[in-house]
Amino acid sequence: MKLIFLGPPGAGKGTLAAQAVRMLRIPHISTGAIFRSAIGAQSPLGIKVAAIIGAGKLVDDATTIALVQERLAQEDARTGYILDGFPRTIPQAQALAGFSVVDRVINFDLSDAAVVERLTGRRVCRNCGVNYHILFNAPKREGVCDSCGGELLIRDDDREGAIHKRLQVYRDQTAPLIDFYRAQGLLVDVDARPPADTVAAYFKRAAGLD
Ligand code: AP5
Ligand code: MG
Ligand code: ZN
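Residue numbering for the sequence shown is 1 to 210, as defined by this note's numbering.
Below, the structure written as structure tokens:
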């Protein structure tokens with residue numbers, strides 16, 4: 001199954017994708033995670049995108065499209081994938097249509113106020129990348145990852161200014177994809193407000209996995 005997870009920052013795309021790929025046995029391809037690992041490794045790509053991501057802006061389409069095209073050409077993505085955070089612009093969606101045919105687009109629906117609450121409380125493991133939330137999904141020991149004991153950090157773009165920029169970028173450049181995919185009959189809306197387990201149940205129904 002080839003799925004796109006579309007939605008505002010902090011809607012829970014990464015959290016649900018981590019759960020869904022275990023069930024579906026397909027790769028979770030998050031462009032944001034690929035960029036963050038490049039930044040961590042200080043690779044040429046990481047050096048190029050670090051300031052852009054820290055400011056909450058989008059990386060340019062050409063760079064992002066090339067990255068995804070290369071990733072989808074790998075063997076493990078042949079029969080299915082979850083694309084989390086791509087496409088994010090109409091040109092990205094048009095390019096994707098040229099090299100892959102998606103089955104469904106899951107549209108996460110969440111208000112701006114809830115986005116801010118989720119992003120300001122998010123903590124991410126420095127080691128393994130698992131997400132926590134100080135209120136909704138707290139680690140057993142404050143600041144320490146349950147799975148690997150790694151240190152929990154605040155993402156660079158989860159500061160107030162970058163969050164508002166990301167929301168604005170989402171509205172201007174990414175939200176138009178809702179109509180783009182709805183017109184193709186591919187879009188399924190998922191209410192992203194309830195607790196993560198309920199959202200996962202909604203997703204199963206939306207993806208026809210029930
Ligand atoms: P990316 O990493 O994709 O960030 P994003 O879209 O802003 O989304 P987030 O990862 O912040 O949120 P999420 O929806 O995954 O939520 P999460 O599950 O963590 O992109 C980062 C940057 O990279 C972009 O700004 C851009 O610069 C660049 N980039 C990436 N893709 C690009 C592209 N295609 N083109 C150009 N540039 C690109 O959940 C959030 C929090 O809420 C967590 O704390 C979690 O524990 C909690 N939570 C999750 N679900 C629930 C729930 N149901 N109830 C309560 N709490 C919950
Ligand atoms: Mg994410
Ligand atoms: Zn960890």
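Ideal Cβ positions, reconstructed from N, Cα and C, are used throughout, including at glycine. Computed from a prediction, not measured in an experiment: that's the story for all the values here.
The continuous beta strand (DSSP E) containing R104 extends over residues R104 to D109.
Just so you know, the alpha carbons of A77 and V169 end up roughly 28 Å apart. For G129, the shortest separation between its Cβ and any heavy atom of the ligand MG does not lie below 6 Å.
Among the bridge pairs identified by DSSP, D189 is matched with N107. Each residue's CA atom was taken as its position, placing P194 and Q42 some 37 Å apart. Within its own chain, the residues whose Cβ lies closer than 8 Å to the Cβ of V190, once the five positions on either side in sequence are excluded, are I106, N107, F108, D109, V199, Y202, F203 and A206, listed in chain order. In this structure, the beta-carbon distance from V102 to I4 falls below 7 Å.
DSSP places S37 within a helical segment (H, G or I) once states are collapsed to three.
At a cut-off of 6 Å, the beta-carbon of S37 does not count as near the ligand ZN: no heavy atom of the ligand is closer than that. In chain order, C145, C148 and G150 place their CB closer than 7 Å to the CB of N127, counting only its own chain and leaving out the 5 sequence neighbours on each side. Distances taken from the Cβ of G150 to the heavy atoms of the ligand ZN include one shorter than 6 Å. DSSP places R205 within a helical segment (H, G or I) once states are collapsed to three. Along the length of the stretch 139-177, whole alpha helix (DSSP H) runs at least 4 residues long occupy 160-169, reported in chain order.
In the structure shown, L83 falls within a strand segment according to DSSP collapsed to helix, strand and coil.
Using a cutoff of 6 Å, the CB of G7 does not count as near the ligand MG, since none of the ligand's heavy atoms is closer than that.
Under the Cβ criterion (8 Å, minimum of three pairs), the stretch 76-91 counts as touching the stretch 4-20. Per DSSP, the unbroken alpha helix (DSSP H) holding I90 starts and ends at I90 to F99.
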